[in-house]
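**Q**
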Amino acid sequence: MLTRELSSYLDTNRINQVRRAYYFAEQAHEGQMRKSGDRYISHPLAVARILAEMRLDHQSLMAAMLHDVIEDTGIPKDALADQFGEDVAELVDGVSKLTQIEFRTRAEAQAENFQKMTLAMARDIRVILVKLADRLHNMRTLGPMPYEKRKRIATETLDIYAPIANRLGMHSISTELEDLGFSTMYPMRSKFISKAVTKLRGSHREIIDEIRGRLHEKLEERGMPGRILGREKHLNSIYNKMKFKQKSFHEIMDVYAFRIITDNEDDCYRILGAVHSLYKPMPGRFKDYIAMPKVNGYQSLHTTLFGMHVNIEVQIRTEEMENIANNGIAAHWLYKNEPSNGTSVNQARVDRWVKGLMEMRERADDSLEFIESVKEDLFPDEIYVFTPRGKIMELPGGATPVDFAYAIHTDIGNATVACRINRNLGSLSQPLQSGQTVEIITAPGARPNSAWLNFVVTGKARGSIRHVVKSDKHTESLELGHTLLKRSLKGFNTRLGDITEAQKQRVVAHNQVNSFEDLISEIGLGNRMAFLVARQLVVGAPEAEGEAPAAGAIEESGRQGPVTICGSDGLLLKFASCCKPIPGDPIVGTMDSGNGMVIHSDTCSHLPDDEQGRAMLTDLKWAKDITDQFSVELRVEMERQRGIIAEMASAVAMADGNIERINVEDQNARFGVVSLVVHVTGRHHLARVMRRVRNIRAVTHISRVRY
0 MLTRELSSYL DTNRINQVRR AYYFAEQAHE GQMRKSGDRY ISHPLAVARI LAEMRLDHQS
60 LMAAMLHDVI EDTGIPKDAL ADQFGEDVAE LVDGVSKLTQ IEFRTRAEAQ AENFQKMTLA
120 MARDIRVILV KLADRLHNMR TLGPMPYEKR KRIATETLDI YAPIANRLGM HSISTELEDL
180 GFSTMYPMRS KFISKAVTKL RGSHREIIDE IRGRLHEKLE ERGMPGRILG REKHLNSIYN
240 KMKFKQKSFH EIMDVYAFRI ITDNEDDCYR ILGAVHSLYK PMPGRFKDYI AMPKVNGYQS
300 LHTTLFGMHV NIEVQIRTEE MENIANNGIA AHWLYKNEPS NGTSVNQARV DRWVKGLMEM
360 RERADDSLEF IESVKEDLFP DEIYVFTPRG KIMELPGGAT PVDFAYAIHT DIGNATVACR
420 INRNLGSLSQ PLQSGQTVEI ITAPGARPNS AWLNFVVTGK ARGSIRHVVK SDKHTESLEL
480 GHTLLKRSLK GFNTRLGDIT EAQKQRVVAH NQVNSFEDLI SEIGLGNRMA FLVARQLVVG
540 APEAEGEAPA AGAIEESGRQ GPVTICGSDG LLLKFASCCK PIPGDPIVGT MDSGNGMVIH
600 SDTCSHLPDD EQGRAMLTDL KWAKDITDQF SVELRVEMER QRGIIAEMAS AVAMADGNIE
660 RINVEDQNAR FGVVSLVVHV TGRHHLARVM RRVRNIRAVT HISRVRY
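Numbering that gives the first Met the number 0 puts the first residue of the sequence shown at 0, with every later residue one more than the last.
Next comes the structure, spelled out in structure tokens:
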């Protein structure tokens with residue numbers, strides 16, 4: 000049966016090579032049985048048959064026959080290479096490594112294994128095709144497995160393998176994996192929906208036959224070639240629409256779906272005109288995936304019609320598009336030994352996706368971050384936007400201009416400062432819509448903002464932003480750590496340059512960090528006390544980390560020489576929201592573990608008031624000529640008058656202030672209290688703003704608010 004299938008597209012020599020791989024596998028698996036009681040060889044044979052239906056090349060079929068040989072029989076990879084060639088051995092080795100993946104063990108192991116899968120796909124995409132066929136047959140024969148194992152396999156199928164099949168455009172495998180996974184996870188729900196679908200299909204058969212008949216008549220009348228197929232709704236798809244879109248079963252099933260397969264693209268558009276003349280199209284429900292294919296290469300015309308008091312969904316495509324829709328990348332497989340006229344569009348899309356995965360892998364700091372990015376990337380609901388030169392960019396639904404910038408190039412994303420949407424300035428956090436033209440404005444030296452992580456949706460954007468932010472945070476923590484350590488060493492009359500390498504290494508070992516640079520970074524992050532590290536370096540006899548030094552010692556050695564603050568609010572230098580210090584205020588710093596230094600006004604009520612607690616603070620001073628803007632909250636008591644808020648805003652503007660927020664807190668018939676948050680450059684500027692507001696006749700009192 001398999002030979003007959005293969006003879007339709009492979010020559011005799013290649014069929015014989017596949018047959019030889021079968022006999023080798025049969026001998027290797029002799030005596031091994033499956034849980035069902037079948038001979039083990041039945042599984043590789045079934046996997047090869049699935050790939051043959053997709054018309055995959057002979058090397059993939061040989062790898063399918065041999066895919067369990069290395070793992071289950073102890074035959075080494077080298078022996079397979081001698082027998083069947085290096086390419087087949089590499090494929091078998093790649094599939095064997097994927098077979099060992101258990102995605103639902105520990106999160107770390109799951110993520111590490113997913114990275115291995117990415118590497119295998121990057122080397123040869125056929126590895127994942129064989130693995131998908133292997134998983135499909137295992138899902139079809141899951142019955143005899145213990146319940147817990149069935150559930151684990153079904154979960155990883157729904158989480159990883161079905162989305163990958165969809166991303167590769169392999170719709171038929173993707174939907175079958177989804178339905179098998181759904182029926183394993185929720186057998187009762189699956190059974191209930193299946194019975195309801197069968198019952199409804201029987202009662203609606205007359206309507207379905209009538210619509211099909213009218214469509215057929217219209218095609219014949221216009222002399223257009225085309226075969227009409229009914230489109231089945233899949234159980235998992237029905238369940239998800241009921242669950243997530245909160246639609247009733249009858250709402251979903253009241254839509255009648257048909258697919259019309261024709262000869263060429265011109266016929267697709269002509270048939271579209273014919274069905275629109277037969278039934279009225281619903282506005283906004285037409286999609287042209289022929290002109291703008293989906294990310295995974297899918298092409299078709301979609302239209303929703305209203306006729307016979309029901310909604311009718313029609314998909315129109317060519318035979319080639321139908322093949323691509325069902326088999327995706329497998330439909331375009333190019334034999335390595337047979338050069339083609341050019342790489343297919345679908346192959347190029349897959350190559351681009353796999354390349355993107357490799358980029359994400361390189362930028363992710365750990366495997367868990369990588370798998371999180373990939374999972375986001377596996378569920379795209381595409382939108383199509385244009386560059387200013389008219390190039391189409393495919394992005395997942397909800398993507399923002401920042402995602403668009405990173406999709407063009409990582410360097411463009413990193414340097415983004417603003418954007419234009421349809422030639423008008425737009426917000427970087429604004430979700431894009433299909434059809435918009437997006438232009439990215441960059442500036443040399445610009446850096447990504449960590450706030451972008453709150454709205455970007457693509458794995459590439461998220462990974463790139465995290466990579467830069469973490470790099471900046473590390474640089475800042477080193478600078479701050481150096482400053483604090485030098486200051487503490489000054490109290491011991493020692494300079495950092497006087498410390499020997501041996502002293503540094505002893506303290507590094509005691510604090511259980513990898514290097515002296517990491518130790519300085521830990522000080523900057525607030526995870527280590529600069530004074531304790533300084534004392535360990537100088538005294539040469541490291542104390543226990545938890546041992547608290549005497550308050551007098553800190554006072555004497557730790558509070559000398561204030562650290563200068565330049566006014567920039569960096570990743571590791573934050574201004575307290577309670578007292579909102581501004582240039583001119585006496586200030587001190589507290590270390591917040593993992594987040595660096597928080598700057599408070601010296602008189603802030605949130606600071607410790609006991610002697611030992613005060614001794615732990617870092618003395619700070621402002622640099623000269625700070626031009627940054629700082630937020631200050633003012634409380635203004637006033638008499639109620641018409642236009643008083645406008646007068647107050649004008650007074651702030653006259654003093655070169657900028658209002659961030661204004662809020663009327665309290666009112667009675669005569670008096671009101673206004674909370675005013677303004678941006679100023681320092682105390683002198685604040686005094687000017689307050690004087691202007693105080694001079695308003697209706698204002699009775701103004702004061703600065705500190706919490």
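Glycine included, every Cβ here is placed at the ideal spot set by N, Cα and C.
Buried or exposed for GLY180, going by 16 or more other Cβ atoms inside 10 Å?
**A** As a working mapping, residue 180 is identified with position 181 in the sequence shown. With 16 or more Cβ atoms within 10 Å of its Cβ, GLY180 is classed as buried.
**Q** Classify GLY412 as helix, strand or coil using the three-state DSSP reduction.
**A** For the purposes of this step, residue 412 is taken as the residue at position 413 of the sequence shown. In this structure, GLY412 counts as helix in the three-state DSSP scheme.
**Q** Check the C-beta distance from ALA256 over to ARG230 and give it rounded, since I have them as a contact under 8 angstroms.
**A** Numbered from its first residue, the sequence shown carries residue 256 at position 257. Numbered from its first residue, the sequence shown carries residue 230 at position 231. Yes, they are in contact, since the Cβ atoms of ALA256 and ARG230 sit about 4 angstroms apart, within 8 angstroms.
**Q** Cα-Cα, which of THR415, ILE420, TYR21 and VAL87 is closest to PRO387?
**A** Here residue 387 is taken as the residue at index 388 of the sequence shown, counted from 1. For the residues THR415, ILE420, TYR21 and VAL87, the minimum Cα distance to PRO387 belongs to ILE420.
**Q** Report the rounded CA-to-CA distance for GLU381 versus MET528, giving the unit in angstroms.
**A** The residue you call residue 381 lines up with position 382 of the sequence shown. The residue you call residue 528 lines up with position 529 of the sequence shown. If I take the Cα positions, the gap works out to 50 angstroms.
**Q** How many angstroms separate the CA atom of LEU218 from the CA atom of GLU209?
**A** As a working mapping, residue 218 is identified with position 219 in the sequence shown. As a working mapping, residue 209 is identified with position 210 in the sequence shown. Looking at the two C-alpha atoms, the distance is approximately 14 angstroms.
**Q** Tell me the DSSP secondary structure of LYS279 in three-state form.
**A** By 1-based counting over the sequence shown, the position of residue 279 is 280. Residue state, collapsed to three classes: strand.
**Q** Within the chosen definition, does the stretch 627-639 reach the stretch 659-672 through at least 3 CB pairs nearer than 8 angstroms?
**A** Result yes; three or more Cβ-Cβ pairs closer than 8 angstroms.
**Q** For a test of the three-state rule: what should DSSP assign to ASN310, helix, strand or coil?
**A** Translated into the one-based positions of the sequence shown, residue 310 becomes position 311. Here ASN310 sits in strand by DSSP.
**Q** Nearest to TYR39 by alpha carbon, out of SER59, VAL17, LEU65 and GLN16?
**A** As a first step, residue 39 must be located in the sequence shown, where it is residue number 40. Nearest C-alpha to TYR39: LEU65.
**Q** With a Cβ-Cβ cutoff of 8 angstroms, do GLY681 and MET596 count as a contact?
**A** Taking the first residue of the sequence shown as 1, we reach residue 681 at position 682. Taking the first residue of the sequence shown as 1, we reach residue 596 at position 597. Going by C-beta atoms, GLY681 is not nearer than 8 angstroms to MET596.
**Q** Would you mind giving the Cβ-Cβ distance between GLY656 and VAL677, rounded to the nearest angstrom? I have them listed as a contact below 8 angstroms.
**A** In the sequence shown, the residue the question calls residue 656 occupies position 657. In the sequence shown, the residue the question calls residue 677 occupies position 678. Sure, about 5 angstroms apart at Cβ, within 8 angstroms.
**Q** If we require 4 or more residues per run, which alpha helix (DSSP H) segments fall completely within the stretch 115-153?
**A** Counting only runs of 4 or more, we get 125-139.
**Q** Pick out the complete beta strand (DSSP E) segments inside the stretch 587-655, 3 residues or longer, and give them in chain order.
**A** List check, beta strand (DSSP E) in window: 595-600, 617-621 and 629-638.
**Q** What did DSSP end up calling TYR334 once you bin it into helix, strand or coil?
**A** Taking the first residue of the sequence shown as position 1, residue 334 is located at position 335. Confidence at TYR334 is low in this model, with a pLDDT of 36, below 50, so its placement is unreliable and the value that follows should be read with caution. Three-state result, TYR334: coil.
**Q** Classify GLU544 as helix, strand or coil using the three-state DSSP reduction.
**A** Here the question's residue 544 lines up with position 545 in the sequence shown. Here GLU544 scores only 43 on pLDDT, less than 50, and its place in the model should not be relied on; the value that follows carries that caveat. Note: GLU544 maps to coil in three-state DSSP.
**Q** Name, in chain order, the residues that DSSP records as bridge partners for LEU524.
**A** Along the sequence shown, read from residue 1 onward, the residue named residue 524 stands at position 525. Its beta-bridge partners do not exist; DSSP assigns none.
**Q** Classify ALA221: buried if its beta carbon has 16 or more other beta carbons within 10 angstroms, exposed otherwise.
**A** The residue given as residue 221 occupies position 222 in the sequence shown. In the sequence as presented, Ala is not what sits at residue 221; that position holds Arg. Result: exposed.
**Q** Give me the Cα-Cα distance between ALA45 and MET0, rounded to the nearest whole angstrom.
**A** If you number the sequence shown from 1, residue 45 lands on position 46. If you number the sequence shown from 1, residue 0 lands on position 1. Cα-Cα distance, rounded: 11 angstroms.
**Q** Grab the span of the alpha helix (DSSP H) containing HIS678 for me, first residue to last.
**A** Translated into the one-based positions of the sequence shown, residue 678 becomes position 679. Per DSSP, HIS678 belongs to no alpha helix (DSSP H); it is in the beta strand (DSSP E), 670-679.
**Q** Whose C-beta lies closer than 7 angstroms to the C-beta of ALA132 among residues of the same chain, with five residues either side of it excluded?
**A** As a position in the sequence shown, residue 132 is number 133, starting the count at 1. Excluding positions up to five away in sequence, the list reads VAL46, ILE49, LEU50 and ALA63.
**Q** Can you tell me whether GLY425 is helix, strand or coil according to DSSP?
**A** Within the sequence shown, numbered from 1, the residue matching residue 425 stands at position 426. Three-state result, GLY425: strand.
**Q** If you draw a straight line from the alpha carbon of ARG103 to that of GLN82, how long is it in whole angstroms?
**A** Numbered from its first residue, the sequence shown carries residue 103 at position 104. Numbered from its first residue, the sequence shown carries residue 82 at position 83. The predicted position of ARG103 is uncertain, since its pLDDT is 47 and thus under 50; no value can be drawn from it.
**Q** For TYR383, which beta-bridge partners are listed by DSSP?
**A** Residue numbering aside, residue 383 sits at position 384 when the sequence shown is read from its first letter. Beta-bridge pairing links TYR383 to GLU393.
**Q** Just the C-alpha distance for HIS57 and ILE14, rounded to the nearest angstrom, thanks.
**A** As a first step, residue 57 must be located in the sequence shown, where it is residue number 58. As a first step, residue 14 must be located in the sequence shown, where it is residue number 15. Their Cα atoms are separated by approximately 7 angstroms.
**Q** Could you tell me whether the stretch 311-323 touches the stretch 266-281, using the rule of 3 or more Cβ pairs below 8 angstroms?
**A** Yes, the stretch 311-323 touches the stretch 266-281.
**Q** Counting only the same chain and skipping the five closest in sequence on each side, list residues whose C-beta sits under 6 angstroms from that of PRO622.
**A** Numbered from its first residue, the sequence shown carries residue 622 at position 623. Pro is not the amino acid found at residue 622; the sequence shown has Ala there. For ALA622, where only same-chain residues beyond five positions count, the Cβ hits under 6 angstroms are THR563 and CYS565.
**Q** Of the residues SER514, LEU484 and GLN504, which one's Cα is nearest the Cα of LEU531?
**A** Reading the sequence shown from its first residue, position 532 is the one you call residue 531. The residue with the shortest Cα to Cα distance from LEU531 is LEU484.
**Q** Between GLU89 and ARG19, what straight-line distance do the alpha-carbon atoms span, to the nearest angstrom?
**A** Against the sequence shown, residue 89 aligns to sequence position 90. Against the sequence shown, residue 19 aligns to sequence position 20. Using only the alpha carbons, I get a separation of about 18 angstroms.
**Q** Using the beta-carbon count (16 or more within 10 Å), is PHE146 buried or exposed?
**A** Position 147 of the sequence shown holds residue 146. The sequence as given places Tyr at residue 146; Phe does not occur at that position. Exposed is the call here.
**Q** Using beta-carbon positions only, say whether SER576 and ARG634 come within less than 8 angstroms of one another.
**A** Walking along the sequence shown from the start, residue 576 turns up at place 577. Walking along the sequence shown from the start, residue 634 turns up at place 635. No, the Cβ-Cβ distance between SER576 and ARG634 is not below 8 angstroms.
**Q** Between the alpha carbons of LEU495 and GLN504, how many angstroms are there, rounded?
**A** As a position in the sequence shown, residue 495 is number 496, starting the count at 1. As a position in the sequence shown, residue 504 is number 505, starting the count at 1. LEU495 and GLN504: Cα-Cα distance of roughly 14 angstroms.
**Q** Please classify ASP497 as buried or exposed, where buried requires at least 16 neighbouring CB atoms within 10 angstroms.
**A** Walking along the sequence shown from the start, residue 497 turns up at place 498. Exposed: under 16 other Cβ atoms inside 10 Å.
**Q** May I ask you to list the residues that DSSP assigns as paired with CYS418?
**A** On the sequence shown, residue 418 is found 419 positions in, with the first residue counted as 1. GLY425 and ILE439, per the DSSP bridge assignment.
**Q** By how many angstroms is the C-alpha of ARG122 removed from the C-alpha of PHE23?
**A** The residue given as residue 23 occupies position 24 in the sequence shown. The residue given as residue 122 occupies position 123 in the sequence shown. One C-alpha to the other measures close to 25 angstroms.
**Q** So, for THR457: in the same chain, excluding its five sequence neighbours on each side, which residues have a beta-carbon less than 8 angstroms away from its beta-carbon?
**A** As a first step, residue 457 is located in the sequence shown; it is residue number 458 there, counting from the start. GLU375, ASP376, LEU394, PRO395, ALA398, ASP402, TYR405 and ALA406.
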